[in-house]
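See structure below.
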């Protein structure tokens, strides 16, 4: 239908006089064109109060339109593209028809040039989707809000040839994506709407289509994404437009399930950081103790240390046994200095004293200082423990 930003041009829509259709026929819809060509003079102006008869025309360049049967001024209801939005190019028509066919192949009712919303393709889904193929600068925000006011989500598909200062911002600010036409096999740009093209071409969507990178838990560009799969996900609600999502490289179309995984990962990481901070705060501060005070200054005991009383000799009395000093539950016989022994005669064989289990016999005294006695006792105790282990 003629958009609000377009002037009058050639007619492109018609009704049938004898059959009530749910929508006007469009000359660039392949299915509608078959009906138009077989109508046999049944074409009329789609404006209810007019119903002026029309004829279908297709010139040598492939351009299709409808003209009045009679004087041109008899019907002034033109539906087509004029100034403001730019003429509908062959590229636009080819992409629009391909989008229309994809939506129908997915099982949805798709209407080209929707009369109520003036959308290029209107798709009846759980939430209707207005698809706009755009290659000229336009009032993206105003037209998006108009489609939403009609109860539909919006998808702008900007062609690779779309130029102008408004196009790049619209690509990332609105629910938009790049639509690409690539040759089958080579993935090189193709122009199947031009005469002489041979081979197959497919539609791909890119620029703002995102996919999850699990190993890094972040979203990245999906590059050129199959248009049919993209439309399947968008129409089913699996893939949505996220304009301002934390962790996204930019606004884009992402699977809702991927976004949920990303949000959960960020939430888990945030909880782990909070637990780590709380754990550090819960640990008691270490008390610094002064081990070697500077020369000339007396070391002061800390509050946790017990200061012995100078008036109580029992408080400073050393452990009475070596077992107590070493923390061993089993008592040890304290070493006593051996009494002087007479020198043995050369013929006397040295005796081997029996060592009862659980006791230590003092070795001959070889030093009189307490430090040597204590070290000697410790050596013998360790020797006894070793024998117990290996016995």
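Numbering (our numbering), first residue to last: 9 to 399.
Idealized CB from N, CA, C, for every residue including glycine.
Query, Result
"Just to confirm my understanding: we take residue 31, look at its own chain, exclude 5 residues before and 5 after, and list those with CB closer than 7 Å. What are they?", "119 and 123"
"Are the beta-carbon atoms of residue 239 and residue 210 separated by less than 8 Å?", "no"
"How would you label residue 367, buried or exposed, when you count the other beta carbons within 10 angstroms and need 16 or more for buried?", "With a pLDDT of only 47 at residue 367, under the threshold of 50, the placement of this residue in the model should not be trusted, and no figure is reported."
"Does any CB atom of chain C fall closer than 8 Å to the CB of residue 140?", "Note that chain C does not occur in the displayed structure, where there is just one protein chain."
"Any idea which residues DSSP pairs residue 97 with across the strands?", "According to DSSP, residue 97 bridges with nothing at all."
"Short of 8 Å in beta carbon distance, which residues of its chain neighbour residue 182, apart from the five on each side in sequence? Order them along the chain.", "148, 149, 152, 162 and 164"
"Just curious, the alpha helix (DSSP H) that residue 40 is in, first and last residue?", "38-45"
"Can you give me the C-alpha to C-alpha distance between residue 23 and residue 184, rounded to a whole angstrom?", "33 Å"
"Note down, in chain order, each residue of its chain lying with its Cβ closer than 6 Å to the Cβ of residue 141, except the 5 sequence neighbours on either side.", "100, 103, 104, 128 and 165"
"Buried or exposed: residue 194, going by 16 or more other Cβ atoms within 10 Å of its Cβ?", "exposed"
"Give the single residue among 39, 26 and 234 whose Cα lies nearest to the Cα of residue 53.", "26"
"Can you tell me the Cα-Cα spacing of residue 109 and residue 267, whole angstroms?", "30 Å"
"Please state whether the Cβ-Cβ distance between residue 229 and residue 188 is less than 8 Å.", "no"
"Would you tell me roughly how many angstroms separate the C-alpha atoms of residue 204 and residue 58, rounded to the nearest one?", "41 Å"
"So residue 180 is in the alpha helix (DSSP H); what residue range does that whole segment cover?", "175-181"
"Assign residue 215 to one of two classes, buried (16 or more other C-beta atoms within 10 Å of its C-beta) or exposed (fewer than that).", "buried"
"Of the choices 34, 250, 222 and 269, whose alpha-carbon is the least far from that of residue 126?", "34"
"Between residue 180 and residue 97, which are expected to be in contact by the criterion C-beta below 8 Å, what is the C-beta distance as a whole number of angstroms?", "Not quite, the Cβ-Cβ distance comes to about 24 Å (not below 8 Å), so this is no contact."
"What does a CB cutoff of less than 7 Å around residue 234 pick up in its chain, not counting 5 residues either side in sequence?", "212"
"Note the first and the last residue of the continuous alpha helix (DSSP H) segment covering residue 84.", "Segment: none, residue 84 is in no alpha helix (DSSP H) and carries neither H nor E."
"When DSSP builds the beta bridges, which residues end up paired with residue 262?", "248"
"Using only the alpha-carbon positions, how far apart do residue 177 and residue 83 sit?", "40 Å"
"Under a three-way DSSP split, which group does residue 60 fall into?", "coil"
"For residue 107 and residue 227, what's the separation of their Cα atoms in angstroms?", "27 Å"
"Are residue 136 and residue 159 closer than 8 Å when you measure CB to CB?", "yes"
"Identify every residue that forms a DSSP beta bridge with residue 117.", "132"
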